[in-house]
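Chains as they are written, first to last, in the working numbering: chain A, 220 to 424; chain B, 220 to 424. We treat Cβ as the ideally placed atom computed from N, Cα and C, and that holds for glycine. Single-structure report; data block below.
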């Protein structure tokens with residue numbers, strides 16, 4: 220399972236790196252997440268320059284796509300060049316947005332107006348104005364499309380992708396390994412609780 | 220308050236970026252965290268190349284120093300060139316280690332043998348073998364030196380530094396802003412609970 224973590228100029232490091240680093244804890248089991256960007260280098264909102272690991276086109280062939288957030292998410296969602304490159308398809312990909320990544324999720328009509336999209340509190344009014352509902356919750360998924368709101372809920376996106384890719388036990392192992400010492404079971408339970416209502420797992424998972 | 224987040228080859232993205240991104244949420248109040256490395260570019264354990272924002276020497280003049288972790292922390296701690304550059308001083312700096320950053324904290328004798336250092340479960344046996352105790356907890360501080368164990372406990376390091384720099388109310392605001400939507404108060408309380416026993420705040424804070 221290859222995961223494209225879409226990362227644009229002025230990106231939020233929490234949103235791109237928490238999900239990528241958590242999922243890469245499962246690399247020996249076949250999950251690989253890549254910082255994926257339209258340019259060779261992207262600079263974060265805090266001035267950190269990062270080299271893209273994959274070009275934007277990689278998103279089209281990835282098994283899962285996470286749309287990260289940043290200061291320019293609305294411009295990114297309106298950019299005809301970016302929209303022309305992306306051919307995302309929930310029939311063959313898991314797709315998720317983090318915080319203001321919701322703008323691109325909405326622009327690509329990966330969620331139908333009237334349906335819920337989780338996003339951060341600052342983006343919620345604009346997402347509502349586009350005709351979506353914004354649940355006051357950190358995570359929501361319908362079928363193969365998910366959204367999360369609040370930077371640190373990126374761990375719930377990672378949990379959902381891990382559970383869908385390898386089953387709940389692998390998702391547990393991923394969170395357990397990264398959770399604070401002495402609090403690991405509680406962190407696993409919190410992450411699983413956030414995503415469990417939205418999983419349609421096979422009997423084997 | 221300038222914060223140097225020490226980031227070495229094969230670094231763990233969670234450990235460097237969670238603490239840096241959280242602290243930079245307080246940039247308008249004067250806190251600025253920088254990815255600080257001995258080389259112009261450092262590559263993470265997952266192959267992400269990042270340009271250093273500051274050279275290693277910046278650590279000596281920073282108001283706070285966070286020693287990040289990675290796959291080569293033991294080599295970093297033993298590297299005479301790195302040790303020669305670093306002149307850290309808890310009398311004028313807050314100093315903290317994350318996970319295997321504990322090796323450099325120990326090598327620089329910023330904690331006395333016999334005292335506790337929090338670290339990740341994989342590093343704990345080696346830290347014990349060096350003569351330190353390893354509490355089964357995510358965070359510990361004595362005076363101006365702290366340590367945290369388990370990648371995601373990096374948010375507790377950020378909370379401690381924010382509270383020491385600007386007071387508890389600013390630390391609360393920082394975590395609240397980044398916490399998952401619908402869970403913000405619980406995340407603030409968890410982070411404050413982890414660090415509160417170790418704070419010696421002025422009456423005004």
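For the options A:335, A:356, A:358, A:370, the alpha carbon positioned closest to that of residue 347 (chain A) is the one of A:335. Contact of residue 363 (chain A) with chain B by beta-carbon distance below 7 Å is absent, the smallest such distance being about 21 Å. Chain order gives the chain B residues near residue 356 (chain A) as 400, 401, where near means a beta carbon separation below 7 Å. Of the residues assessed, residue 402 (chain A) falls on the buried side of the cut-off, its CB having 16 or more other CB atoms within 10 angstroms. Put simply, the backbone Cα of residue 360 (chain B) is about 6 Å away from that of residue 366 (chain B). What residue 320 (chain A) touches in chain B, judged by beta-carbon distance under 9 Å, is nothing: the nearest beta carbon there is about 14 Å away. From the beta-carbon of residue 406 (chain A), the residues of chain B found nearer than 8 Å are 371. A direct Cα-to-Cα measurement between residue 313 (chain A) and residue 300 (chain B) gives close to 46 Å. Straight-line spacing of the CA atoms in residue 350 (chain A) and residue 248 (chain A) works out to 39 Å.
Residue 258 (chain A) sits exposed, since fewer than 16 C-beta atoms from the chains shown fall within 10 Å of its C-beta. When DSSP states are grouped into helix, strand and coil, residue 246 (chain A) belongs to the helix group. Taken through DSSP and simplified to helix, strand or coil, residue 330 (chain B) comes out as coil. Not one beta carbon of chain A lies nearer than 7 Å to the beta carbon of residue 228 (chain B). The beta carbon of residue 375 (chain B) is closer than 7 Å to those of 357, 358, 367, 410, 413, 414 in its chain, skipping five residues each way along the sequence. In this structure, the straight-line span from the alpha carbon of residue 406 (chain B) to that of residue 297 (chain A) is close to 33 Å.
The C-alpha of residue 326 (chain A) is placed about 24 Å away from the C-alpha of residue 260 (chain A).
Inclusion of residue 287 (chain B) and residue 224 (chain B) in the CB contact set at 7 Å is warranted, their separation being smaller than that value. DSSP places residue 252 (chain A) outside any alpha helix (DSSP H); the residue lies instead in the beta strand (DSSP E), whose first and last residues are 251 to 256.
Against residue 339 (chain B), the close residues of chain A are 400, in the order they occur along the chain (beta-carbon pairs closer than 8 Å). Residues of chain A whose Cβ lies closer than 9 Å to the Cβ of residue 368 (chain B) are, in chain order, 399, 400, 401. The secondary-structure analysis by DSSP pairs residue 373 (chain B) with nothing; it has no beta-bridge partner. Per DSSP, reduced to three states, the secondary structure at residue 354 (chain A) is coil, with no helix or strand assignment. Along the region 252 to 275 of chain A, the positions whose C-beta sits under 7 Å from a C-beta of chain B are 254, 265, 266, 267, 268, 269, 270, 272, read in chain order. In the DSSP assignment, the residues bridged to residue 284 (chain B) are B:223, B:314. Assigned with DSSP and collapsed to three states, residue 264 (chain B) falls in coil, not helix or strand.
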